[in-house]
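J.: Each number in this note's numbering comes from the position in the sequence shown (counting from 1) with 41 added on. Where a beta carbon is used, it is the ideal one built from N, C-alpha and C, also for glycine.
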Amino acid sequence: MKKSIEEILEDTRRVLDIIQKTELTDEEKVWISESAVSNFNDYVNPGFLKYRKSVSNDYTAVEWSDHGCRFLDMHGRSYIDCLGGYGTLNMGHRHPNIVAAVKAQLDRQAIHSQELLDPLRGILSKLLADITPGDLQYSFLTSSGTEAVEGALKLARLHTGRRNYIAAVDGFHGKSMGSLGATAKAEFRRAFLPLVPAFHHVPFGDLSMLEKTLWSLDKVGEEVAAVVLEPIQGEGGVNLPPDGYLKGVRALCNRYGCLLILDEIQTGMGRTGKLWASEHWGVVPDILCIGKSFGGGIMPAGAFMSNATIWQKMIPNPFLHSSTFGGNPLACAAAIAAIHVTLSENLPEKAAVTGAHFLKELQQLSCAFPDILVAVRGKGLMIGMEFPDDDIGFEVARGLYDRGVLVAGTMLNAQVIRIEPPLTIPLDDVNRVVEILHETLLAVQAGRGMPASSSKRSVPRKKNKQ
Ligand SMILES: Cc1ncc(COP(=O)(O)O)c(C=O)c1O
């Protein structure tokens, strides 16, 4: 140890006292803000501070509390959350029913013995079978999205006895060694090559390319275990599939005897206006991956699921795949409450209605500022705004942030900014965000000396999709 036990106890006591407090002194606020910056710099990764400058120049916001569709920084400044933890907060920040369920569970039991039968894991798995499409039945519960994808990839190999996978360019499935194989971004992969071998990537939405790849691999004896896709690509820039694409993929998988893994980690739990995005196109995957909002924005939780046939080889040895914390009682309580809230508050329908309004308003702004906001697209409350380049995207994100709205680019790039607020966001907040965006676009236009566009707000632009 680099410090004495007494010093460590003094440090931990100070923080534990602060965590217990509802009101902080000015001195404590300054200490927390300053120590957050220096600790990130010295002990987490100084790169974060540079990256976070994208939304903050002269004011470092340290997030401290949250509720509903907003969060507050250490100094009490309130922000409308249009990022929603990249799809983690569909039910809002600290939904009271989900908090209550987790608190009650915490007061009884937090982590399971690992040896006896823990009932909530069974109950949640049954619930998942009840709310997912088709014949999906068995679940393996995880603590993150990437673990769900890892398990799905293993299951596909186990069932088919094949080792090749096909994923999509611009897809994102996580960053552990296996899931990173499916993830398509060169920046994330290059330094770690070779990854798990036998991943092939084809353009998203291009059915004929997928068919040719399946055909070629089949021809040379490299049969494909699974095609792995997000129904709508999130990190890749909110890319919607052409109509008929997912159905076509399903048919090709059937024809070539490979499995379809749908990664609904970001699109699931009502985000796109249906409980599962695959329902928009009536497609049932062989393996479904779930995460993010599955934990109700309170606990980390994920899952991969499949039908009884595909699960068969997991049954003789249930420890072929395992996780210490996956499906722990707190995570299960959160996920059960998240499902209850999603259905009882009709959140998929809310996402559809609020999302359609938001999209329409944003498309009108795109018409009014065609040189800045070049396209708007989305489904439900999964919306992307596209700018001519990364710099303009950052400028807009920063302008929104300075005016009290949090959004974010896609990973490493702000050319597309994502809007993924809690599905509970009231229309008043949506309208306020649209007003603030309008102000921001005017400021960017003026700051760059661009000519003021003539107002064409009622004419939808061709580039905008759905
Ligand atoms: C579609 C998709 N799959 C997988 C992941 C990885 O999830 P996690 O970060 O929980 O490991 C993400 C995270 O952004 C995602 O959006």
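Assign Asn-205 to buried or exposed, taking buried as 16 or more other Cβ atoms, counted over all protein chains shown, within 10 Å of its Cβ.
T.: Position 164 of the sequence shown, counted from the first residue, corresponds to residue 205. Burial call: buried.
J.: Is the CB-CB distance between Cys-299 and Val-324 below 8 Å?
T.: Here residue 299 is taken as the residue at index 258 of the sequence shown, counted from 1. Here residue 324 is taken as the residue at index 283 of the sequence shown, counted from 1. Contact: no.
J.: Considering Cα atoms alone, identify which of Met-346, Gly-128, Ala-409 is closest to Ala-493.
T.: The sequence position of residue 493 within the sequence shown is 452, counting from 1. Closest option to Ala-493, Cα to Cα, is Ala-409.
J.: Please report the straight-line C-alpha distance between Ser-257 and Ala-374, rounded to a whole angstrom.
T.: Counting from one through the sequence shown, the residue named residue 257 turns up at place 216. Counting from one through the sequence shown, the residue named residue 374 turns up at place 333. Looking at the backbone, the Cα of Ser-257 and that of Ala-374 are separated by about 46 Å.
J.: What are the boundary residues of the alpha helix (DSSP H) that Phe-399 is part of?
T.: Along the sequence shown, one-based indexing puts residue 399 at 358. Element bounds for Phe-399: 388-409.
J.: Compute the distance between the beta-carbons of Leu-177 and Asn-295, then report whether it is under 8 Å.
T.: In the sequence shown, counting from the first residue as 1, residue 177 sits at position 136. In the sequence shown, counting from the first residue as 1, residue 295 sits at position 254. Not in contact: Leu-177 and Asn-295 (Cβ atoms no closer than 8 Å).
J.: Considering only the alpha carbon of each residue, which of Trp-352, Lys-62, Tyr-120 lies closest to Arg-473?
T.: For the purposes of this step, residue 473 is taken as residue 432 along the sequence shown, with counting starting at 1. Selected option, being the one with the closest Cα: Tyr-120.
J.: Give every residue whose Cβ lies closer than 6 Å to any heavy atom of ligand 1, listed in chain order.
T.: Any residue whose Cβ sits closer than 6 Å to a heavy atom of ligand 1 makes the list: Tyr-127, Ser-185, Gly-186, Thr-187, Val-190, Phe-213, His-214, Gly-215, Glu-271, Gly-275, Glu-276, Asp-304, Ile-306, Gln-307, Gly-332.
J.: Please check the pair Ile-139 and Ile-339, which I expect to be a contact at CB under 8 Å, by giving their CB distance rounded to whole angstroms.
T.: Sequence index remark: in the sequence shown, residue 139 carries index 98 (1-based). Sequence index remark: in the sequence shown, residue 339 carries index 298 (1-based). Rounded, the Cβ-Cβ distance is 5 Å, consistent with contact.
J.: Evaluate the contact criterion for the segment 106-124 versus the segment 447-465: three or more CB pairs, one atom per stretch, below 8 Å.
T.: yes
J.: Using C-beta distances below 6 Å, list every residue in its chain close to Gly-368, excluding the 5 sequence neighbours before and after it, in chain order.
T.: Counted from its first residue, the sequence shown places residue 368 at position 327. Spatial neighbours of Gly-368 in its own chain (CB-CB distance under 6 Å, excluding positions within 5 residues in sequence) are listed in chain order as Arg-162, Leu-182.
J.: Ignore the nearest five residues each way along the sequence and tell me which others in Ala-170's own chain have a CB closer than 6 Å to its CB.
T.: For the purposes of this step, residue 170 is identified with residue 129 of the sequence shown, where counting begins at 1. So the list reads Gln-178, once near-sequence residues are dropped.
J.: Asn-454 bridges to which residues according to DSSP?
T.: For the purposes of this step, residue 454 is identified with residue 413 of the sequence shown, where counting begins at 1. For Asn-454, which the question treats as bridged, DSSP gives the partners Thr-451.
J.: When you compare only the Cα positions, how much space is there between Ala-227 and Asp-247?
T.: Taking the first residue of the sequence shown as position 1, residue 227 is located at position 186. Taking the first residue of the sequence shown as position 1, residue 247 is located at position 206. For Ala-227 and Asp-247, the distance between alpha carbons rounds to 20 Å.
J.: Taking only runs of the beta strand (DSSP E) that begin and end inside the segment 257-342, which ones reach a length of at least 3 residues, in chain order?
T.: 265-270, 300-304, 328-331
J.: From the DSSP output, in three-state form, read off Phe-360 for me.
T.: Here residue 360 is taken as the residue at index 319 of the sequence shown, counted from 1. The answer is coil: DSSP assigns Phe-360 none of H, G, I, E or B.
J.: State yes or no: is the C-beta of Gly-425 within less than 8 Å of the C-beta of Gly-419?
T.: In the sequence shown, residue 425 corresponds to position 384, counting from 1. In the sequence shown, residue 419 corresponds to position 378, counting from 1. Contact: yes.
J.: Thinking C-alpha only, which one of His-200, Leu-406, Val-190, Ile-60 is nearest Ala-208?
T.: The residue labelled residue 208 in the question sits at position 167 within the sequence shown. Cα-wise, what sits closest to Ala-208 is Val-190.
J.: Classify Ile-22 as helix, strand or coil using the three-state DSSP reduction.
T.: Residue numbering for the chain in the displayed model covers 42 to 507; residue 22 lies beyond these limits and cannot be assessed.
J.: Do the segment 469-483 and the segment 137-157 meet, that is, are 3 or more Cβ pairs less than 8 Å apart?
T.: Not touching, per the Cβ criterion.
J.: Give me the Cα-Cα distance between Phe-229 and Lys-62, rounded to the nearest whole angstrom.
T.: Here residue 229 corresponds to residue number 188 of the sequence shown, with the count starting at 1. Here residue 62 corresponds to residue number 21 of the sequence shown, with the count starting at 1. Using only the alpha carbons, I get a separation of about 40 Å.
J.: Does DSSP put Thr-183 in a helix, a strand or coil?
T.: In the sequence shown, residue 183 corresponds to position 142, counting from 1. Here Thr-183 sits in strand by DSSP.
J.: Can you name the start and end residues of the beta strand (DSSP E) that Val-243 belongs to?
T.: Residue mapping note: residue 243 aligns to position 202 of the sequence shown, counting from 1. Its beta strand (DSSP E) spans residues 240-243.
J.: For Leu-130, which residues from the same chain have a beta carbon less than 6 Å from its beta carbon, with the 5 sequence-adjacent residues on both sides left out?
T.: Taking the first residue of the sequence shown as 1, we reach residue 130 at position 89. Excluding positions up to five away in sequence, the list reads Gly-338, Pro-463.
J.: Exposed or buried, what is Val-437 when buried is set at 16 or more other beta-carbons lying within 10 Å of its beta-carbon?
T.: Position 396 of the sequence shown, counting from 1, holds the residue named residue 437. Taking a 10 Å sphere around the C-beta of Val-437, we find 16 or more other C-beta atoms and assign the residue as buried.
J.: Hey, how far is the Cα of Gly-175 from the Cα of Met-346?
T.: Translated into the one-based positions of the sequence shown, residue 175 becomes position 134. Translated into the one-based positions of the sequence shown, residue 346 becomes position 305. Distance between the alpha carbons of Gly-175 and Met-346 is about 12 Å.
J.: Between Glu-461, Arg-149, Asp-412, Val-417, which has its C-alpha nearest Ala-487's C-alpha?
T.: For the purposes of this step, residue 487 is identified with residue 446 of the sequence shown, where counting begins at 1. Looking at the Cα atoms, Asp-412 is the closest of the given residues.
J.: Going straight from the alpha carbon of Tyr-92 to that of Val-261, what length do you get?
T.: Start at 1 with the first residue of the sequence shown, and residue 92 comes out as number 51. Start at 1 with the first residue of the sequence shown, and residue 261 comes out as number 220. Approximately 45 Å, taken between the alpha carbons.
J.: What is the residue span of the alpha helix (DSSP H) that Tyr-442 lies within?
T.: For the purposes of this step, residue 442 is identified with residue 401 of the sequence shown, where counting begins at 1. Counted as a single uninterrupted DSSP element, the alpha helix (DSSP H) harbouring Tyr-442 occupies residues 431-443.
J.: Within the same chain, show all residues whose beta-carbon is closer than 7 Å to that of Lys-503, passing over the 5 residues directly before and after it, in chain order.
T.: Position 462 of the sequence shown, counted from the first residue, corresponds to residue 503. Any reading at Lys-503 needs caution, since the residue's pLDDT is 38, under 50, leaving its predicted position unreliable; the model's value is listed next. Contacts found: none.
J.: Buried or exposed: where does Phe-240 fall if 16 or more other Cβ atoms within 10 Å of its Cβ makes it buried?
T.: Locating residue 240 in the sequence shown gives position 199, where the first residue counts as 1. The residue in question, Phe-240, is buried, as its Cβ has 16 or more Cβ neighbours within 10 Å.
J.: Per DSSP, which one or two residues make a beta bridge with Asp-148?
T.: Taking the first residue of the sequence shown as position 1, residue 148 is located at position 107. Partner(s): none; Asp-148 has no beta bridge.
J.: Whose C-beta lies closer than 7 Å to the C-beta of Gly-311 among residues of the same chain, with five residues either side of it excluded?
T.: Residue 311 sits at position 270 when you count from the first residue of the sequence shown. Answer for Gly-311: Asn-131, Thr-383, Leu-388, Pro-389, Ala-392, Leu-464, listed in chain order.
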